[in-house]
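So the sequence shown is residues 0 to 95, counted in numbering that gives the first Met the number 0.
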Amino acid sequence: MEINTWIDFLIYVTFTLSVLFVGLPIGARLSYYSIKRLFVKGNSPYSRETVAKQFGKTPIETLFVGLFMLVVSIWYLFFDRGGALLTFYTKVASFV
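Written out as structure tokens, the structure is:
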């Protein structure tokens with residue numbers, strides 16, 4: 000992303016930090032707990048209101064959502080156009 004204005008700067012910084020501090024941890028956590036639940040209880044639907052039930056009705060669904068979030072976060076942070084996390088400091092420093 001090319002940073003030309005303060006609005007571009009705020010969008011880039013906010014999105015990169017939210018992927019780093021929100022998308023990556025939620026994806027890892029959903030994937031871990033979905034795999035754990037699959038081994039313990041199988042693919043039975045969630046019986047009570049849990050955080051995972053907001054993302055899917057069964058552990059398979061939450062596993063797919065978690066893996067998708069995890070893969071997309073890693074791709075954006077490390078591989079997309081040189082990696083947003085790897086080029087973050089140079090882009091911010093060159094704008095400021």
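Don't be surprised by glycine CBs; every beta carbon is placed ideally from N, CA and C.
First and last residue of the uninterrupted alpha helix (DSSP H) at residue i
i     : result
Pro24 : 23-40
Ile2  : Note, Ile2: premise wrong, no alpha helix (DSSP H); not H, not E.
Glu48 : Note, Glu48: premise wrong, no alpha helix (DSSP H); not H, not E.
Thr61 : 58-73
Ser93 : 87-94
Heavy atom of the ligand NAP within 7 angstroms of residue i beta-carbon
i     : result
Thr89 : Absent from the structure shown: the ligand NAP. Ligands present: none.
Residue from the options with nearest C-alpha to residue i
i      : options                    : result
Phe77  : Ala51, Val18, Ser46, Gly41 : Val18
Ala102 : Gln53, Leu16, Ser72, Ala92 : Any question about residue 102 goes unanswered here, given that the chain covers just 0 to 95.
Thr15  : Trp74, Glu48, Ser30        : Trp74
Leu29  : Leu37, Tyr45, Ala51        : Ala51
Leu37  : Thr57, Pro24, Gln53        : Thr57
Phe67  : Glu48, Gly22, Glu1, Arg80  : Gly22
Exposed unless 16 or more other CB atoms sit within 10 angstroms - verdict on residue i
i     : result
Leu61 : Sequence inspection shows Thr at residue 61; the Leu mentioned does not correspond to that position. Thr61 comes out buried.
Val64 : buried
Leu9  : exposed
Ser46 : exposed
Rounded separation between residue i and residue j - CA only
i     : j     : result
Asn3  : Val12 : 13 angstroms
Thr86 : Lys40 : 43 angstroms
Ile6  : Tyr31 : 36 angstroms
Phe94 : Lys35 : 44 angstroms
Ser33 : Phe20 : 20 angstroms
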